[in-house]
Structure formats: structure tokens, C-alpha cells
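**Q** Got a structure for you, written out below as C-alpha cells; questions coming shortly.
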Amino acid sequence: MRVARCLEVWKMGTINYLESIKLQKKLVSDRKTNKISDTLLSLQHPLTYTLGKRRTDHNMLIPMSQLKKIGAELHYTQRGGDITFHGPHQAILYPIISLREIGLGARNYVEKLELTMIELASLYGVKACAGQKGETGVWVGERKIGAIGVQISNGITSHGLAFNIDPDLNYFKHIVPCGIADKGVTSLRKETVTGNSKQGQLNKILDGRNEREGGILGTRWVIHSQKVRLRS
């Protein structure tokens with residue numbers, strides 16, 4: 001019988017992107033030296049565009065000078081992938097876990113993140129699937145509902161996934177999401193049938209109240225949740 005592992009879930013609320021990067025770096029360092037157990041950050045970001053290591057400048061469609069006018073920030077990051085958008089009503093999960101200890105390779109890990117979003121969508125009657133070759137993330141038809149961008153250092157993960165619950169999709173018009181042209185974006189709210197799209201149900205996802213003991217990333221976890229606020 002497989003022994004359950006401990007997963008600490010930190011419910012962060014809404015925090016600035018740079019603050020989340022600083023926190024992840026500290027947690028990755030602590031995880032490498034076994035000062036902490038595997039940890040999952042559950043949070044949201046204010047209006048933010050991020051550019052990963054595969055970035056190309058032409059995928060940013062709005063002049064830098066206009067970002068302040070729309071209330072958004074732009075940050076360069078060491079995660080994989082190209083450009084994406086983060087904002088309110090988008091569920092962000094940043095796992096800080098040891099892939100070596102759970103026996104996962106990088107590709108398998110990304111597939112497990114995709115499966116996490118696919119299964120979440122299915123709970124609300126939305127049929128999502130992983131992208132075709134060259135298309136990262138999770139899709140509903142030709143519309144992207146979830147993005148993935150990870151960083152792995154000595155087997156320890158950071159960054160993670162962004163799942164569109166009910167964000168303002170207009171902000172995606174200012175970029176070529178993940179560098180994939182001629183495809184749309186969508187959200188769980190947009191794809192869910194009216195009878196199942198109650199705001200209270202969607203808020204449960206954003207609040208992390210749909211967590212349960214079970215097989216996350218192919219491993220059985222006992223989840224310990226706590227609300228965490230960064231000191232200003």
C-alpha cells in the first residue's frame with residue numbers, strides 16, 4: 001500500500017507577482033535542504049503579464065507605455081513558456097515539491113498539471129484536454145482555459161499553472177497567449193452551462209475549498225491547509 005505524503009497548502013489570497021517569486025525562491029531553497037515538506041501555494045495575482053524563457057517581444061501587442069493605463073504590470077521570469085496573463089478570478093497553483101521523491105520526470109510532471117485542470121473542468125461539466133503538439137496547457141476546443149509554465153531546480157519545482165475561472169478575458173487581447181497565434185482563450189465561467197455556473201461554486205475553487213485527500217500528481221497526499229498572509 002502506498003504511504004500518503006504530506007502536502008502543505010498555503011492559501012495566499014491575492015499577492016503581487018514579485019512577492020510570489022521571492023517567496024518561491026525561499027521555499028525552493030528550504031525544500032532542497034528538507035527544511036520544509038512539499039508545499040502548494042494557492043493564490044491569485046493582480047493584473048500582470050509575465051514573459052517566460054521562450055519569450056518573443058512581438059507577442060506583446062500593447063506598447064509598454066500603455067501598461068500603466070490599463071492597470072497592469074509586466075515581469076520577466078525564469079519559468080518555461082512564452083507570455084501569459086494573470087489577474088483576479090484566475091486560480092494560480094505553484095507547487096514546491098520534490099519530483100525525485102515522488103518519482104516524476106519533468107514531462108510527466110507537466111502532464112499531471114494538465115490532468116489537474118482537466119479533472120477540475122470536468123467537475124463542472126466542461127470537457128477540456130491537453131493541447132496538440134506544440135500547444136502547451138489545457139484547451140476547450142480551440143480555446144485555452146489553462147496555462148502551464150514551470151521551473152525545476154535540482155528536482156524541486158516552482159511556478160506552475162494558471163486556470164481561468166472567471167477573469168476578464170479582454171486582457172488577453174493585448175498578447176499572443178503563450179506565443180500561440182490564431183487561437184482563443186476561455187474561462188470556466190464562459191464554458192459552464194448556466195445551471196452549474198453559480199458564483200458560489202466558482203469561488204470555492206478560488207478559495208481552495210475543493211481540496212481533498214487523494215491522488216494529486218499521481219501520488220497520494222494528506223493535505224494540510226492554512227491561510228497565509230505575507231508581512232508587509
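At position 24 of the sequence shown (counting the first as 1) the number is 24 in the UniProt record's numbering, and the numbers step up by one without a gap.
Virtual Cβ for every residue (Gly too), placed ideally from N, Cα, C.
1) In whole angstroms, give me the CA-to-CA distance for Asn210 and Lys190.
2) Drop a sphere of 10 angstroms on the beta-carbon of Arg107, count the other beta-carbons inside from all chains shown, and report buried for 16 or more, exposed for fewer.
3) Please report how far the alpha carbon of Cys6 lies from the alpha carbon of Glu142, in whole angstroms.
4) Using a Cβ-Cβ cut-off of 7 Å (strictly less than) and excluding sequence neighbours within five positions of Leu18, which residues of its own chain qualify?
5) For Lys127, which residues from the same chain have a beta carbon less than 8 Å from its beta carbon, with the 5 sequence-adjacent residues on both sides left out?
6) So what's Ala72 in DSSP terms, helix, strand or just coil?
7) List the DSSP bridge partners of Leu40.
8) In chain order, what residues of the same chain lie with their CB nearer than 7 Å to the CB of Asn59, ignoring the 5 residues before and after it?
9) Pairs of beta-carbons, one from the segment 26-41 and one from the segment 111-125, closer than 8 Å: are there three or more?
10) Determine the extent of the beta strand (DSSP E) in which Gln151 is found, giving its start and end residues.
11) Is Gly80 helix, strand or coil when you go by DSSP?
12) Measure how close the beta-carbons of Ile156 and Val28 come, nearest whole angstrom, since I'm counting them as under 8 Å.
13) To the nearest angstrom, report how far apart Ile21 and Arg100 are at their CA atoms.
14) Quickly, what does DSSP pair Gln90 with across the bridge? List them, please.
15) Considering only C-alpha positions, which residue in the set Thr186, Lys183 and Tyr171 is nearest to Gln66?
16) Using the beta-carbon count (16 or more within 10 Å), is Asn164 buried or exposed?
17) Nearest by alpha-carbon distance to Glu73: which of Gly80, His86 and Gly149 is it?
18) Run through DSSP, which three-state label would Ser197 get?
19) Bridge partners for Ile156 per DSSP, in chain order?
20) Residue 258 and Ser158: beta carbons closer than 8 Å?
21) Once you ignore the five residues that flank Thr192 on each side, which residues in its own chain have a CB closer than 7 Å to its CB?
**A** In brief:
1) Bear in mind that the predicted position of Asn210 carries a pLDDT of just 46, short of 50, making it too unreliable to give a figure here.
2) exposed
3) 37 Å
4) His75
5) Ala121 and Val140
6) coil
7) Val9 and Pro95
8) Asp82, Ile83, Ile175, Val176 and Gly179
9) no
10) Arg143 to Ser153
11) coil
12) 5 Å
13) 22 Å
14) Asn164
15) Tyr171
16) buried
17) His86
18) Here the model assigns Ser197 a pLDDT of 49, short of 50, so the residue's position is not dependable and the matter cannot be decided.
19) Ser98 and Ser153
20) Because the chain here runs from 1 to 232, residue 258 falls outside it and cannot be looked at.
21) Tyr124, Gly125 and Val126
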